[in-house]
Amino acid sequence: MNRDTKAAILCAGVAAPSADNSQPWRFEWRGDDLDLRIDEGRSGRVSDTRYVLSDMAAGACLENMVIHARSLGYAADVQTFPRPDDELWAARIRWRRDPECDQPEPLAGAIEQRHTDRRFPWGGPVTPDTQARLNAQAKLMPGQRLYWPQTPRERKAALSVIRQAETLRFRSPTLHAELFSSIRFAAGWHTACEEGLAPVTLAVEPPVRPVFQALRRPVVMTMLNRLGAASILGWRSAWLPIRLSPGLCLLVIPSTARSDVLAGGRALQRVWLQATLDGLSVQPYAAAGVLSLGFVPVEPAFQRQLSRLGTALGELCEPGYGLVFLRLGYARSAPHGRSGRRVPASFGTFP
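In terms of full-length UniProt numbering, the sequence shown has 70 at position 70, counting the first letter as 1, and numbering is strictly consecutive.
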């Protein structure tokens, strides 16, 4: 494998999504073998306890690389979590030429196009044929599946779970601090940034931007929460956009083992790329799934709410564990702002 091929594969990897655009990946080449590691300095925060979010991001990164390499004629032999005593070592990938990989890989063409879109409303519908294609992509990863709330009762229950989780992110001081620390307000409301969330990507309406920016101060958030601000923000960030979008699905994993969470990240990426090829806009909602797994240490005052959240999500998608919701629909245009990426050298050994 030559240097240009290696560089192209890594560039495909870092185009993958990650929680709050944290990009928690490190690479190290050993000949034609590639070690994918979790970046210790960009992982392990409160919501990433036990590396759930980082494992998802590692899975998405891994799948991007596998897909792009296949389009270049290379197959991948993947070993996940090769050494149990090294919790940051997510995977070792051994690349080999494979004549059968000469066939075009349709998903590879969507890697650079894929993006998060937080705008609404979106048009529809998401047809049964489209749902079938997305389902098929998820099922290519053993044990992974998509759950689609079909009835009004199921959709109402899903909306309630998502809104509760998003509300908790503004109500819990710990989660509030984590959320706003990832937003790069210094970038302003018109430019992207190479790491973290640029305000321009958040689809916050201009009249409320000053108020939203003020919410990063804990004293302001605490004061406004006495007036129900967290509930209003949960309604605006989750309930309203989903209510005004035609499609909603939940990625369900078979267990909470790290290997299944990483496989969930791979399935998520395949679904997202297929959605991109189908012209769909996508917004992920990971809070409900991540919080319901029970690994996030929130304040004691919110433990009962967290427990109820886990029970409600479990009833929605059993058997299995809900990992991330996807809001789907058709936007009239591409969003103006997209999250950037760090320079390649910052991810470790680039060829």
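In this text, a Cβ means the ideal position worked out from N, Cα and C, and glycines have one as well.
Do residue i and residue j have their CB atoms nearer than 7 Å?
i    : j    : result
L273 : P149 : no
P82  : R92  : yes
T80  : L262 : yes
Y147 : C317 : yes
E28  : T349 : yes
D32  : W95  : yes
L197 : D86  : no
A138 : A15  : no
E195 : R26  : no
T276 : R114 : yes
G59  : G265 : yes
R145 : V252 : yes
S22  : V290 : no
L280 : L328 : yes
P254 : G124 : no
Which residue marks the beginning of the alpha helix (DSSP H) containing residue i, and which one marks its end?
i    : result
Q343 : Checking the sequence, you will find Val at residue 343 rather than Gln. Neither: V343 is in no alpha helix (DSSP H) and is coded neither H nor E.
F180 : 173-181
C317 : 303-317
A288 : 287-292
L224 : 218-225
Which of helix, strand or coil does DSSP assign to residue i?
i    : result
Q150 : coil
E205 : coil
D260 : helix
V66  : helix
F27  : strand
I93  : strand
D33  : strand
T191 : coil
I232 : helix
I162 : helix
G123 : strand
V282 : strand
I38  : strand
L88  : coil
Decide if residue i is buried, meaning its Cβ has at least 16 other Cβ atoms within 10 Å, or exposed.
i           : result
L227        : exposed
K6          : buried
G68         : The residue you asked about is not Gly; residue 68 is His in the sequence shown. So H68 counts as buried.
D117        : buried
T191        : exposed
R97         : exposed
N64         : buried
P199        : buried
T222        : exposed
S307        : exposed
P84         : exposed
A76         : buried
residue 433 : There is no way to answer for residue 433, as the model of the chain reaches only from 1 to 351.
T311        : exposed
P210        : exposed
L62         : buried
A334        : exposed
V208        : exposed
Kindly indicate the opening and closing residues of the beta strand (DSSP E) around residue i.
i    : result
N18  : According to the sequence displayed, residue 18 carries Ser and not Asn. That residue, S18, is in no beta strand (DSSP E); it is neither H nor E in DSSP.
L328 : 321-329
Q131 : Run containing Q131: none in the beta strand (DSSP E); it sits in the alpha helix (DSSP H), 128-139.
V46  : First-last for V46: undefined, no H or E at that position.
V78  : 74-80
I253 : 247-253
Practice prompt. Taking 8 Å as the threshold, find out whether the region 284-291 comes into contact with the region 129-139 through three or more Cβ pairs.
Written response: no
Practice prompt. Assess, as a yes-or-no matter, whether the region 300-317 is touched by the region 165-177 under the definition of 3 or more beta carbon pairs within less than 8 Å.
Written response: yes
Worksheet item: Is the region 159-169 touching the region 337-351, taking contact as three or more C-beta pairs under 8 Å?
Response: no
Practice prompt. Count the CB pairs spanning the region 316-327 and the region 180-199 that are closer than 8 Å, and state whether there are at least three.
Written response: no
Practice prompt. Give a yes or no on contact between the region 18-37 and the region 229-248, applying the rule of three or more CB pairs nearer than 8 Å.
Written response: no
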